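Undergrad: Here it is: the structure, laid out below.
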Amino acid sequence: MGDAISVEELQLAARNHGMPLEALRWDVTPIGLHYLLTHYDIPDVDAESWRLEIDGLVDRALSFSLGELRAMPSVELAVTMECAGNGRAHVEPHVVSQPWLLEAVGTARWRGIPVAVLLDEAGSRDGAVDVLFTGLDRGVEGGEEQAYARSLPLAEVLSGDALVAYEVNGAVLPPQHGFPLRLVVPGWYGMTSVKWLSRITLLDVPFDGYQMRQAYRRRMHEDEVGEAITRMAPRSLMVPPGIPEFMSRSRVVETGRCEVVGRAWSGESEVVGVEVSTDGGATWFEAELDDDALGRWAWRGWRFVWSAEPGEHELCCRARDAEGNVQPLEPPWNVGGYMNNAVQRVSVTVA
Ligand SMILES: Nc1nc2c(c(=O)[nH]1)N[C@H]1C(S)=C(S)[C@@H](COP(=O)(O)O)O[C@H]1N2
Ligand SMILES: [Mo]
Numbered sequence: 018m019g020d021a022i023s024v025e026e027l028q029l030a031a032r033n034h035g036m037p038l039e040a041l042r043w044d045v046t047p048i049g050l051h052y053l054l055t056h057y058d059i060p061d062v063d064a065e066s067w068r069l070e071i072d073g074l075v076d077r078a079l080s081f082s083l084g085e086l087r088a089m090p091s092v093e094l095a096v097t098m099e100c101a102g103n104g105r106a107h108v109e110p111h112v113v114s115q116p117w118l119l120e121a122v123g124t125a126r127w128r129g130i131p132v133a134v135l136l137d138e139a140g141s142r143d144g145a146v147d148v149l150f151t152g153l154d155r156g157v158e159g160g161e162e163q164a165y166a167r168s169l170p171l172a173e174v175l176s177g178d179a180l181v182a183y184e185v186n187g188a189v190l191p192p193q194h195g196f197p198l199r200l201v202v203p204g205w206y207g208m209t210s211v212k213w214l215s216r217i218t219l220l221d222v223p224f225d226g227y228q229m230r231q232a233y234r235r236r237m238h239e240d241e242v243g244e245a246i247t248r249m250a251p252r253s254l255m256v257p258p259g260i261p262e263f264m265s266r267s268r269v270v271e272t273g274r275c276e277v278v279g280r281a282w283s284g285e286s287e288v289v290g291v292e293v294s295t296d297g298g299a300t301w302f303e304a305e306l307d308d309d310a311l312g313r314w315a316w317r318g319w320r321f322v323w324s325a326e327p328g329e330h331e332l333c334c335r336a337r338d339a340e341g342n343v344q345p346l347e348p349p350w351n352v353g354g355y356m357n358n359a360v361q362r363v364s365v366t367v368a
């Protein structure tokens, strides 16, 4: 890590939180351990008067109460969600924003209604190309007052598994994760999954609000348009083995057999393998992948047996997808510090 973080970054880091990496041991993350990222404030929502509006280029504008949505046929989907800024604190030069290390991830079972079903009921009119999702939380960002809002191409919504969820892991959504309703877009970075959803609007042009035009773009200079950030790049993380040293968080492991376990995911194409290195990335060994019992949109478990010998070691892991994309050894840099999927490195002392 480069420069020290500022009080402003500490304000963000204290409001939001990551998933402690030892929580990788659960296939479905207990919701209190799931990472959390909120740009503004958690809005005060009255569930009785709250409604979901569907409008814009539709045949029939629709409006649903929470009770009406809960009475509709529902689906449940296990989804791994990761913040596009995960890994930001490891990029150099330093990028000022939420200073995630590696822990901005979690997997949950979201229950709700496919967005495609709601759009089918509303009927999309000719010329509709983009679907705007607007949240109830408001703030000022980049000098612009705004409600948090993001869009997805209509074709992406119709062909994908996006849902509006009112339950997570079998319980009512907690306030911080979007009560009473949130969007969940499998495979995409977390910014797409709008919390505190209040409105779905069909547009005849791609939405160009702040969170589309300014934030969440990959650019090498402030003044270039850059490329929109969409799906999650492949990543694997391990449960740091042994016990931590309090301040450095480096690990202490006993000599002998040590099973290293972790999870891997990718939003582009499926993870097909995970490799582990115990010498800082000089040599790699194939880990064993668990089955994909949670389905395509959730992370996959993996394990590797290490014969730990006395001395200092650096454990690393890297995932690769079906298209041959592999996690890089060094953090990629861009203006926003997005999509840093460089390999995890864990310092271990074997006693
Ligand atoms: N309305 C609203 N939705 C939002 C956000 C937000 O600030 N407001 N943050 C986004 C970002 S950047 C991420 S990474 C995910 C985090 O979801 P979680 O807090 O449930 O883990 O929510 C997304 N949806
Ligand atoms: Mo995020």
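Its first residue numbered 18, the sequence shown is counted upward by one per residue in our numbering. For glycine and all other residues, C-beta sits at the position ideal for the given N, C-alpha and C. All values reported here derive from a predicted model rather than from experimental measurement.
#1: Could you tell me whether the Cβ atoms of residue 267 and residue 360 are closer together than 9 Å?
#2: If you follow the alpha helix (DSSP H) that residue 242 is in, where does it begin and where does it stop?
#3: Rounded to the nearest angstrom, what separates residue 344 and residue 358 at their Cα positions?
#4: When you compare the CB positions of residue 118 and residue 216, do they come within less than 9 Å of one another, or not?
#5: Please report how far the alpha carbon of residue 164 lies from the alpha carbon of residue 147, in whole angstroms.
#6: Which term fits residue 272, buried or exposed, when burial requires 16 or more other beta carbons within 10 angstroms of its beta carbon?
#7: Is residue 330 helix, strand or coil by DSSP?
#8: Using 10 angstroms around the beta-carbon of residue 187, count the other beta-carbons present and answer buried if the total reaches 16, otherwise exposed.
#9: Short check: CB of residue 279 to CB of residue 341, under 9 Å?
#10: Mind checking who residue 279 pairs with in its DSSP beta bridge?
#11: State the DSSP-derived secondary structure class of residue 34, mapped to helix, strand or coil.
#12: Could you check where the alpha helix (DSSP H) with residue 183 kicks off and where it finishes?
#13: Pull the bridge partners of residue 217 from the DSSP assignment, please.
#14: DSSP three-state call for residue 122: helix, strand or coil?
#15: Cβ atoms of residue 356 and residue 159: under 9 Å apart, would you say?
#16: Note down the Cα distance separating residue 288 from residue 333, rounded to an integer number of angstroms.
#17: Tell me, please, which residues DSSP counts as bridged to residue 81.
#18: Are the Cβ atoms of residue 36 and residue 102 separated by less than 9 Å?
#19: Are the Cβ atoms of residue 3 and residue 139 separated by less than 9 Å?
#20: Taking only heavy atoms of ligand 2 into account, decide whether any of them is closer than 8 Å to the Cβ of residue 229.
#21: Looking at residue 270: is its Cβ nearer than 9 Å to the Cβ of residue 365?
#22: Give a yes or no on contact between the region 205-213 and the region 233-251, applying the rule of three or more CB pairs nearer than 8 Å.
#23: Could you give the distance in angstroms between the alpha-carbon of residue 310 and the alpha-carbon of residue 285?
#24: Rounded to whole angstroms, what is the Cα-Cα separation between residue 88 and residue 241?
#25: Would you report the Cα separation of residue 255 and residue 153, rounded to the nearest angstrom?
#26: In the DSSP assignment, the alpha helix (DSSP H) including residue 136 goes from what residue to what residue?
#27: If you draw a straight line from the C-alpha of residue 274 to the C-alpha of residue 228, how long is it?
#28: Who are the near neighbours of residue 80 in its chain, counting only those whose CB is closer than 6 Å to its CB and skipping five residues on each side?
#29: Give the range of the beta strand (DSSP E) segment to which residue 94 is assigned.
#30: Determine, using beta carbons only, whether residue 130 and residue 94 come nearer to each other than 9 Å.
#31: Is residue 250 near ligand 1, in the sense that its beta carbon is under 8 Å from a heavy atom of that ligand?
#32: Ordered along the chain, which non-local residues of its own chain (more than five positions away) have a Cβ less than 8 Å from that of residue 259?
TA: On the basis of the data shown:
#1: The residue given as residue 267 occupies position 250 in the sequence shown. The residue given as residue 360 occupies position 343 in the sequence shown. No, the pair does not count as a contact, with Cβ atoms beyond the cut-off.
#2: As a first step, residue 242 must be located in the sequence shown, where it is residue number 225. Where residue 242 is concerned, there is no enclosing alpha helix (DSSP H), given that its DSSP letter is neither H nor E.
#3: Taking the sequence shown and counting its residues from 1, one reaches residue 344 at position 327. Taking the sequence shown and counting its residues from 1, one reaches residue 358 at position 341. So the alpha carbons of these two residues sit roughly 6 Å apart.
#4: Here residue 118 refers to the residue found at position 101 when the sequence shown is read from its first residue. Here residue 216 refers to the residue found at position 199 when the sequence shown is read from its first residue. For residue 118 and residue 216, no; Cβs fall outside 9 Å.
#5: Numbered from 1 along the sequence shown, position 147 holds the residue referred to as residue 164. Numbered from 1 along the sequence shown, position 130 holds the residue referred to as residue 147. Taking the straight line joining both Cα atoms gives about 18 Å.
#6: Here residue 272 refers to the residue found at position 255 of the sequence shown. Exposed, since its Cβ has fewer than 16 Cβ neighbours within 10 Å.
#7: Looking up residue 330 in the sequence shown gives position 313. DSSP places residue 330 in strand when its eight states are reduced to three.
#8: In the sequence shown, the residue the question calls residue 187 occupies position 170. Exposed is the call here.
#9: Residue 279 sits at position 262 when you count from the first residue of the sequence shown. Residue 341 sits at position 324 when you count from the first residue of the sequence shown. No, the Cβ-Cβ distance between residue 279 and residue 341 is not below 9 Å.
#10: As a position in the sequence shown, residue 279 is number 262, starting the count at 1. Its beta-bridge partners are 255 and 319.
#11: The residue labelled residue 34 in the question sits at position 17 within the sequence shown. Residue 34: strand per DSSP, three-state reduction.
#12: What you label residue 183 is simply residue 166 of the sequence shown in a count that begins at 1. Looking at the DSSP string, residue 183 is not in any alpha helix (DSSP H); the run it does join, the beta strand (DSSP E), is 180-185.
#13: In the sequence shown, counting from the first residue as 1, residue 217 sits at position 200. Its beta-bridge partners are 71 and 150.
#14: Translated into positions along the sequence shown, residue 122 becomes position 105. It is a strand residue.
#15: In the sequence shown, counting from the first residue as 1, residue 159 sits at position 142. In the sequence shown, counting from the first residue as 1, residue 356 sits at position 339. Contact: no.
#16: Counting from 1 along the sequence shown, the entry for residue 288 is found at position 271. Counting from 1 along the sequence shown, the entry for residue 333 is found at position 316. Roughly 17 Å separates the two Cα atoms.
#17: Here residue 81 corresponds to residue number 64 of the sequence shown, with the count starting at 1. According to DSSP, which records beta bridges pairwise, residue 81 is partnered with 69.
#18: Reading the sequence shown from its first residue, position 19 is the one you call residue 36. Reading the sequence shown from its first residue, position 85 is the one you call residue 102. Taking 9 Å as the Cβ cut-off, residue 36 and residue 102 do not qualify as a contacting pair.
#19: In the structure as shown, the chain begins at 18 and stops at 368. Residue 3 is therefore absent and cannot be evaluated.
#20: Numbered from 1 along the sequence shown, position 212 holds the residue referred to as residue 229. Because no heavy atom of ligand 2 lies under 8 Å away, the Cβ of residue 229 does not count as near it: no.
#21: Along the sequence shown, read from residue 1 onward, the residue named residue 270 stands at position 253. Along the sequence shown, read from residue 1 onward, the residue named residue 365 stands at position 348. Contact: yes.
#22: yes
#23: For the purposes of this step, residue 310 is taken as residue 293 along the sequence shown, with counting starting at 1. For the purposes of this step, residue 285 is taken as residue 268 along the sequence shown, with counting starting at 1. For residue 310 and residue 285, the distance between alpha carbons rounds to 19 Å.
#24: The count along the sequence shown starts at 1 and reaches residue 88 at position 71. The count along the sequence shown starts at 1 and reaches residue 241 at position 224. Distance between the alpha carbons of residue 88 and residue 241: 47 Å.
#25: Within the sequence shown, the letter at position 238 stands for residue 255. Within the sequence shown, the letter at position 136 stands for residue 153. Residue 255 and residue 153: Cα-Cα distance of roughly 36 Å.
#26: Here the question's residue 136 lines up with position 119 in the sequence shown. Segment 132-139, the alpha helix (DSSP H) holding residue 136.
#27: Here residue 274 is taken as the residue at index 257 of the sequence shown, counted from 1. Here residue 228 is taken as the residue at index 211 of the sequence shown, counted from 1. Answer to the nearest angstrom: the Cα atoms are 48 Å apart.
#28: Against the sequence shown, residue 80 aligns to sequence position 63. The answer, listed in chain order, is 68 and 70.
#29: Residue 94 sits at position 77 when you count from the first residue of the sequence shown. 92-99 is the extent of the beta strand (DSSP E) around residue 94.
#30: Reading the sequence shown from its first residue, position 113 is the one you call residue 130. Reading the sequence shown from its first residue, position 77 is the one you call residue 94. The answer is no: Cβ separation not under 9 Å.
#31: Here residue 250 refers to the residue found at position 233 when the sequence shown is read from its first residue. It does not: the Cβ of residue 250 is nowhere closer than 8 Å to a heavy atom of ligand 1.
#32: Sequence index remark: in the sequence shown, residue 259 carries index 242 (1-based). These residues qualify, in order along the chain: 268, 269, 270, 271, 275 and 365.
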